[in-house]
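Enquirer: Here you go, one structure.
Shown next, in the form of C-alpha cells:
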C-alpha cells in the first residue's frame with residue numbers, strides 16, 4: 014500500500030512539473046499508441062460491487078474530458094493500428110475500447126462519446142445479444158453482493174442438497190459463486206435454465222428478479238441497439254460468440270465464425286469484422302495462429318503496456334482504466350510517462366513475447382522510415 018501511495022505521489026509531482034506533458038509531446042511517444050480498455054459504465058451501483066469492472070458515468074465523462082482538454086488524438090482503433098505500423102501516427106495517439114457489448118455502453122457511455130466526439134471500438138460477444146437476459150457469471154456475483162445483508166443464503170433453495178452458507182465477506186460470496194458455476198457446468202444447464210437459476214438465487218436473497226432484469230443491468234445490447242449505434246462513432250468488433258477461448262481448433266474457429274456472422278447480420282455498417290479482443294485476456298501462441306487463419310488483423314490483450322511498431326498486431330497491450338485508478342495514473346498512462354518508466358522482469362518477458370512471435374517491425378528513424386502495412390505484419 015505504501016509503495017502504491019508513493020507511486021501516486023510521484024505521478025502527481027510529475028504532472029505538476031510538466032514531466033508527463035514533456036513525454037506526451039516527445040518523439041518517443043509519437044511512434045506509440047495507448048489503447049484504453051473499459052468494460053462497463055454503471056447504470057446504478059455496479060461500480061460499488063466491482064470497481065475493477067465498472068466505472069461511474071461521471072468518472073468516465075471526466076476521463077474523456079481530460080483526453081480532449083489535453084488535446085490527445087483519439088483515433089478509431091482500426092485506423093490507429095494501421096497507422097502504428099505505417100509509421101504515421103499523429104502526436105499523442107490514443108484509442109478507446111470497450112469489452113463485451115453491455116447495454117450500459119448504449120445508455121451511459123455513448124452519450125459521453127458523442128458529447129466529446131470520441132470514437133470507440135466495442136468488442137461484442139454475441140450470444141447474449143440474441144438471448145437478452147442477464148449474463149450468468151457476473152449477474153450471479155452481483156446478486157450475491159446485493160443480497161449480502163442477509164448474512165446467510167439458503168443455498169439448498171437454489172442448488173438441491175446444498176448447505177446454507179454465509180455471504181457477508183467477499184471470500185464467502187466467492188465460494189458460493191463458484192458452487193453456482195460448478196453446478197451449472199456439471200448439470201450442463203442451458204441459457205434458459207441458467208436464467209431460471211438466477212431467478213431462484215434472487216428469490217433466496219429477497220431480490221425481485223423481474224424488477225431487476227427490467228433495469229437491463231448486466232445485460233448485453235439487443236440487436237436493435239447494436240444496429241442503432243452510430244457508425245461514425247462506434248465500431249463493433251469480434252469478442253467470440255460465447256465469450257470463451259476453446260483449446261480445440263475447430264471449436265475456436267467456430268467461435269470466431271459465429272461471432273462474425275452474428276455481428277454482420279446485426280450491424281450492417283462500419284468496418285469489416287477483422288479486429289478482436291481476447292475474452293478475459295486469455296491468449297497463447299496457438300490462438301494467435303488461429304486468428305491469423307481467420308483473417309483477423311489485430312487483437313488486443315489485457316497486458317498493461319503501450320503499443321509499439323515492434324509488437325505483434327495480434328498481441329496488442331492495453332491499459333485497463335478502472336474506478337480505482339486516480340487521475341494521476343490515468344494521465345501518466347495516456348501521456349506515456351508511466352509505461353516509459355515501468356520496468357519489471359514480468360513486463361520485460363511480456364514485451365519479449367509480443368515482439369518475437371514473428372519478425373518484429375523496426376522502429377522508424379529519420380534514415381529508415383517505417384513503411385510496413387498491417388497486412389504485411391500479420392502475414393509474417
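Numbering (this note's numbering), first residue to last: 14 to 393. From the three backbone atoms N, C-alpha and C, an ideal C-beta is built for every residue, glycine too.
Only counting the same chain, and skipping five residues up and downstream in sequence, which positions put a Cβ closer than 6 angstroms to that of residue 86?
Expert: Excluding positions up to five away in sequence, the list reads 103, 105, 106.
Enquirer: How many Å lie between residue 137 and residue 112 at the Cα?
Expert: So the two alpha carbons sit approximately 7 angstroms from each other.
Enquirer: DSSP state of residue 241, grouped into three classes?
Expert: DSSP places residue 241 in coil when its eight states are reduced to three.
Enquirer: Hey, how far is the Cα of residue 372 from the Cα of residue 306?
Expert: Residue confidence is low: residue 372 scores 37 on pLDDT, short of 50, so the model does not pin down where it sits. No coordinate-derived value is stated.
Enquirer: Check residue 174 in the structure and name its three-state DSSP category.
Expert: Here residue 174 sits in coil by DSSP.
Enquirer: In chain order, which continuous runs of the alpha helix (DSSP H) of length 4 or greater are located wholly inside the segment 200-237?
Expert: Complete alpha helix (DSSP H) runs here, min 4: 204-217, 222-227.
Enquirer: Can residue 77 and residue 125 be called in contact, C-beta distance under 8 angstroms?
Expert: In contact: residue 77 and residue 125 (Cβ atoms closer than 8 angstroms).
Enquirer: DSSP on residue 145, reduced to helix/strand/coil?
Expert: Note: residue 145 maps to coil in three-state DSSP.
Enquirer: Pick from 97, 82, 207, 99: whose alpha carbon is nearest that of residue 129?
Expert: Looking at the Cα atoms, 82 is the closest of the given residues.
Enquirer: Buried or exposed for residue 29, going by 16 or more other Cβ atoms inside 10 Å?
Expert: Exposed.
Enquirer: Please name the residue, chosen from 309, 182, 327, that lies closest to residue 266 on a Cα-to-Cα basis.
Expert: Among 309, 182, 327, the Cα nearest to that of residue 266 belongs to 309.
Enquirer: Taking the alpha-carbon positions, what's the residue 341 to residue 219 distance?
Expert: Cα to Cα, residue 341 sits roughly 41 angstroms from residue 219.
Enquirer: Could you compute how far the alpha carbon of residue 63 sits from the alpha carbon of residue 50?
Expert: Answer to the nearest angstrom: the Cα atoms are 16 angstroms apart.
Enquirer: As a quick exercise: from 134, 54, 362, pick the residue whose alpha carbon is nearest that of residue 239.
Expert: Nearest option by C-alpha distance: 134.
Enquirer: Nearest to residue 333 by CA position, among 183, 348, 315, 323, is which residue?
Expert: Closest by alpha carbon: 315.
Enquirer: Given a cut-off of 8 angstroms, decide if residue 123 and residue 248 are closer than it, judged by their beta-carbon atoms.
Expert: For residue 248 and residue 123, no; Cβs fall outside 8 angstroms.
Enquirer: Report yes if the C-beta distance between residue 211 and residue 222 is below 8 angstroms; otherwise report no.
Expert: It is a contact, given that the beta carbons lie within the stated cut-off.
Enquirer: Our contact map puts residue 178 next to residue 185 with C-beta atoms below 8 angstroms; I'd like the distance itself, whole angstroms only.
Expert: Correct: roughly 7 angstroms between the Cβ atoms.
Enquirer: Identify, in the order they occur along the chain, each residue of the same chain with its Cβ nearer than 6 angstroms to the Cβ of residue 132, setting aside the five sequence neighbours on each side.
Expert: 89, 246, listed in sequence order.
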